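**Q** Below are the structure tokens for one structure; questions will follow.
Numbering (the numbering used here), first residue to last: 45 to 253.
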């Protein structure tokens with residue numbers, strides 16, 4: 045809680061705040077050059093590859109419904125269990141910039157393709173598990189880099205994709221066919237950097253390349 049400037053004098057090292065996250069307990073987390081948890085009074089806990097993260101560059105942080113903390117990094121996804129980070133097998137060849145949970149407690153991990161020929165998709169991890177299955181998203185172009193995920197109700201997962209626009213899928217639909225969302229006033233072809241809900245069924249999004 046509270047407000048004010050937090051920088052090196054308050055214990056947060058340079059390059060540590062590329063992404064911000066406040067968990068349900070009100071704890072501030074920052075990601076960038078490592079992952080950092082604010083303890084208060086200028087004290088922080090920091091995690092890097094030395095503590096099990098697959099990369100020191102952290103793009104996103106997510107608290108799942110089962111209470112576990114997830115991190116998306118430049119070298120894959122990881123989940124914290126018993127005080128240590130555990131890498132999600134199969135994800136280490138990709139940058140992970142988006143994480144979300146669905147109504148069933150599954151964690152969705154957005155994929156940034158390594159080539160324009162790689163299918164657009166996600167990894168899905170069942171609630172409480174550490175293994176994930178790769179799922180392609182029919183309807184999305186193959187070069188769509190997923191930069192944002194947001195659960196907008198029990199039957200709508202919003203997907204922000206670089207160069208490919210904003211999409212929705214129903215997490216309970218086995219086919220997971222993606223539907224593109226047209227945004228009034230925006231060009232027919234657009235990219236999206238971020239999407240977040242307003243808590244009332246609406247959402248905000250940021251256009252990008």
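All C-beta atoms, glycine included, are put in the ideal place defined by N, C-alpha and C.
Predicted, not measured: the structure shown is a model, and the values here were computed from it.
Tell me whether the beta-carbon of residue 128 lies closer than 9 angstroms to the beta-carbon of residue 172.
**A** Cβ distance not < 9 angstroms, so residue 128 and residue 172 don't count as in contact.
**Q** How far does the beta strand (DSSP E) with residue 180 in it extend, from its first residue to its last?
**A** Segment 176-180, the beta strand (DSSP E) holding residue 180.
**Q** In terms of alpha-carbon separation, which member of 240, 132, 175 and 235 lies closest to residue 206?
**A** Measuring from the Cα of residue 206, the nearest candidate turns out to be 235.
**Q** For the beta strand (DSSP E) containing residue 194, name the first residue and the last one.
**A** Run containing residue 194: 189-195, per the beta strand (DSSP E) assignment.
**Q** Suppose contacts are defined by Cβ-Cβ distances below 9 angstroms. Is residue 104 in contact with residue 116 by that definition?
**A** Closer than 9 angstroms, so yes.
**Q** For residue 116, report the span of its beta strand (DSSP E) as first-last.
**A** Where residue 116 is concerned, the enclosing beta strand (DSSP E) stretches over 113-117.
**Q** Taking 6 angstroms as the limit between beta carbons, can you name the residues of its chain near residue 92, skipping five residues before and five after?
**A** Cβ within range, chain order: 78 and 100.
**Q** Once you ignore the five residues that flank residue 167 on each side, which residues in its own chain have a CB closer than 8 angstroms to its CB?
**A** Excluding sequence neighbours, residue 167 sits near 121, 132, 134, 135, 152, 153, 155, 176, 177, 178 and 179.
**Q** In the structure shown, what three-state DSSP assignment does residue 237 receive?
**A** If DSSP states are grouped into helix, strand and coil, residue 237 belongs with the strands.
**Q** The beta strand (DSSP E) spanning residue 142 covers which residue range?
**A** No beta strand (DSSP E) contains residue 142, which DSSP labels as neither H nor E.
**Q** Start and end of the beta strand (DSSP E) containing residue 225?
**A** Counting along the chain, the beta strand (DSSP E) containing residue 225 begins and ends at 223-225.
**Q** Can you say whether residue 192 is buried or exposed, counting buried as having 16 or more other CB atoms within 10 angstroms of its CB?
**A** Flag for residue 192 reads buried.
**Q** What is the rounded straight-line gap between the Cα of residue 217 and the Cα of residue 89?
**A** Their Cα atoms are separated by approximately 40 angstroms.
**Q** May I have the straight-line CA-CA distance separating residue 181 from residue 232, to the nearest angstrom?
**A** Spanning the two alpha carbons is a distance of roughly 20 angstroms.
**Q** Nearest by alpha-carbon distance to residue 102: which of 150, 189, 141 and 147 is it?
**A** Cα-wise, what sits closest to residue 102 is 141.
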